[in-house]
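Structure record follows, encoded as structure tokens.
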């Protein structure tokens, strides 16, 4: 009998329960999709690193005789050492005239690689002119085996033949340096050449400038760091880092940590909303079914039996939401994996089928549903049969706010005053409606702002910060004045400025983070220290440094704090004060006046890059093509275009998120409307009996809803900012962060979405009011 009663009750309120199912479904769908995607990434990473022997320690040097590398085996804890020679050269392919850079690694025998082995598709290096390139670069330039690629180094051209494409655990995420945000698959790649070709290009036979190290089991990087520094310092140690700080690995790990954080936090918000909605629904059901509960108790049904009966409402709702949430999540995980595979070059990455997520999804949904039902139905235990078979006594009105404001009677009609009284006399119900609409508004505004915020992040970088047309990265630091004057001598150059960029490690207590310190000319115009939130450009400090928000958050520091700078260029760590923390959304920055920075590192007034403003970019690039000093030639307009092309495919994802946000908003608002209507059936039926038309009754309901909606939307504006900040906290913001200011258009999207959902809910409520059987409704509780 109780089962039949449960089926009838759920079916009678099927739309409200369906909305709860949708909320649970969306939460669990996001959890399942993101969890499966992150697990696929993690499994592929671990397996790939193990099978292809990813190094534990990475070393970069000026030059060191290869024969002396064997001496590193004397350091306790070192298992294996592999010396290499690595250079970066400009390249040309037949399909483009753009300037390309390849990081070249000397390699003779793929099969004999002991560390950071590469997975190749094609032939190994057999001839001196053979070349292997990474698979994304191979695809981006439509290369075929046998195609030629010209390499330029030290003013000479070397023609190589592509024999294979490759994947490497060392380059799962391929960017030029830590300053880059997204991979440039066509402009930068990894190439493997023979040692013979490397010796011909560099004249460094018998030398190494790059060393890979694996450690004995039980030893850590810290155990060998000091000994390695002592052994390698005489050879111009540039970089000594553990695997965790290696650029490719750290970017992959950052993404994994962000996915895991989001997969646990955001979905639970939807489940929590479903719990609240179920609580209110069961609370209303208990009030409506008091007489039935009393009758059941009178016939001998125990409290646990009746409680279990009502818990089944939430349990079934959560179970259904869990099943379908897992199913849709599993289907969504495939596209997520495909999306991540565009950024991370991992072999055999695919969404895996794991029944564990089915069990977890069912448990989350069912437990969440039962908790909501329990909170609403616990009142059942306190009812005795005699009390339950009587209608609940009306609650005493202790404070009539509307009644005290006599002037409202002159501003509003009687129906408007009734609406206001309903709001103030039912604060719990009114608060829930406000919270539901507020959350819906914020969700729609935030989702609707993602696309514009990403555009703002990218455009601000190229319009407010990097205002140059071309950036020329030099092979080695040059005297600032002579480097800038040389560029000014090129036809078409309107302005030239130098940058000094030095890779360092910032230290705050136990927290360390690698970053590039940027020295800028005091009156620089082509590269500005610009706060994207305050819209203010600051001069580079001569005393202390300016940090961006991403690195400041990672180091847990603020303006006025003192941190330490560690670098192979200085003997000991240098304390330095943070004079300002600014907001920038792409990358992490650390800024200082260029001469001050040069003096700090005993570099003098030098430049590692030259920024150029020119009206003829093509001529400048062609002029510098064979320059021995120019390593990278970065065209800002081309870089911006590549960012736009890369983000283009995600427009459909943003649209999907907006549609999902609209659906969730409607589910929340419809549910609150349905619960409110079911609680007030008797009230509205009474109004109909005393002569009010359907439209007049709906006028009361609509006026009440619009007042609450205005309050909710006003509260939703700061809540949207809070949601934005929360999302930033969930992800590692050292490389990127959402802008702290949300555009007005996003708030308009939220308002329009909520207004549309409210209007649809009001139309649905009007249809239900029209269908009331007033006799049945009025005798419902007698």
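Numbering (this note's numbering), first residue to last: 3 to 784. In this text, a Cβ means the ideal position worked out from N, Cα and C, and glycines have one as well.
Between residue 378 and residue 288 the beta-carbon gap is near 7 Å, inside 8 Å, which marks them as a contact.
755 is the residue among 755, 65, 693 whose C-alpha sits nearest the C-alpha of residue 441. Within a 10 Å sphere around the beta-carbon of residue 98 sit fewer than 16 other beta-carbons, which makes this residue exposed. Rounded to the nearest angstrom, the Cβ distance from residue 180 to residue 715 is 42 Å, too far for a contact under 8 Å.
Taking C-beta separations shorter than 7 Å and ignoring five residues to either side along the sequence, the partners of residue 625 in its chain run 492, following chain order.
Take the alpha-carbon of residue 176 and the one of residue 44: they are about 18 Å apart.
Within the stretch 169 to 212, the runs of beta strand (DSSP E) at least 3 residues long that lie entirely inside it are, in chain order, 190 to 195.
Sequence-distant Cβ neighbours of residue 534 in its own chain, meaning closer than 7 Å and more than five residues away, are 462, 466, 585, 586, 587, 741. Annotation for residue 275: the continuous alpha helix (DSSP H) segment containing it runs 249 to 290.
Listed in chain order, the alpha helix (DSSP H) elements of length 4 or more contained wholly in the stretch 694 to 721 amount to none. A Cβ-Cβ contact shorter than 7 Å links residue 42 with residue 354. The C-alpha of residue 525 lies about 15 Å from the C-alpha of residue 486.
Going by DSSP, residue 110 is part of no beta strand (DSSP E) at all; its letter is neither H nor E. When only Cα atoms are considered, residue 32 and residue 665 end up about 15 Å apart. Shown here, residue 143 sits in coil according to DSSP, grouped into three states, outside any helix or strand. In its chain, beyond the 5 residues on either side, 54, 55 have a beta carbon closer than 7 Å to the beta carbon of residue 119. For residue 570, there is no enclosing alpha helix (DSSP H), as DSSP gives it neither H nor E. When Cβ pairs closer than 8 Å are counted between the two stretches, the stretch 83 to 98 is seen to touch the stretch 153 to 162, the count reaching three or more.
A straight line joining the alpha-carbon of residue 361 with that of residue 36 spans about 16 Å.
In the three-state scheme derived from DSSP, where H, G and I count as helix and E and B as strand, residue 532 is classed as strand. Our two residues, residue 549 and residue 532, have alpha carbons roughly 11 Å apart in a direct line. As a beta-bridge residue in DSSP terms, residue 155 pairs with 158. In summary, residue 266 is exposed, with fewer than 16 beta-carbon neighbours lying within 10 Å of its beta-carbon over all protein chains present. DSSP places residue 479 within a strand segment (E or B) once states are collapsed to three. DSSP places residue 502 in the strand class (E or B) of the three-state scheme. The Cβ-Cβ distance between residue 348 and residue 752 does not fall below 7 Å.
When the alpha-carbon of residue 19 is set against those of 243, 78, 282, the nearest one is in 282. In this chain, the beta strand (DSSP E) harbouring residue 636 covers 632 to 637.
Here the C-alpha atom of residue 194 lies approximately 23 Å from the C-alpha atom of residue 629. Beta-bridge analysis with DSSP links residue 549 to 583, 592. A straight line joining the alpha-carbon of residue 272 with that of residue 364 spans about 15 Å. Spanning the alpha carbons of residue 582 and residue 547 requires a straight line of approximately 7 Å. Excluding residues up to 5 positions away in sequence, 498 lie with their Cβ nearer than 8 Å to the Cβ of residue 490 in the same chain. In this structure, 316 is the residue among 707, 316, 150 with its C-alpha nearest to the C-alpha of residue 278. Residue 611: not part of any alpha helix (DSSP H); member of the beta strand (DSSP E) spanning 608 to 616, first to last residue. Here the alpha carbons of residue 515 and residue 580 stand approximately 15 Å from one another.
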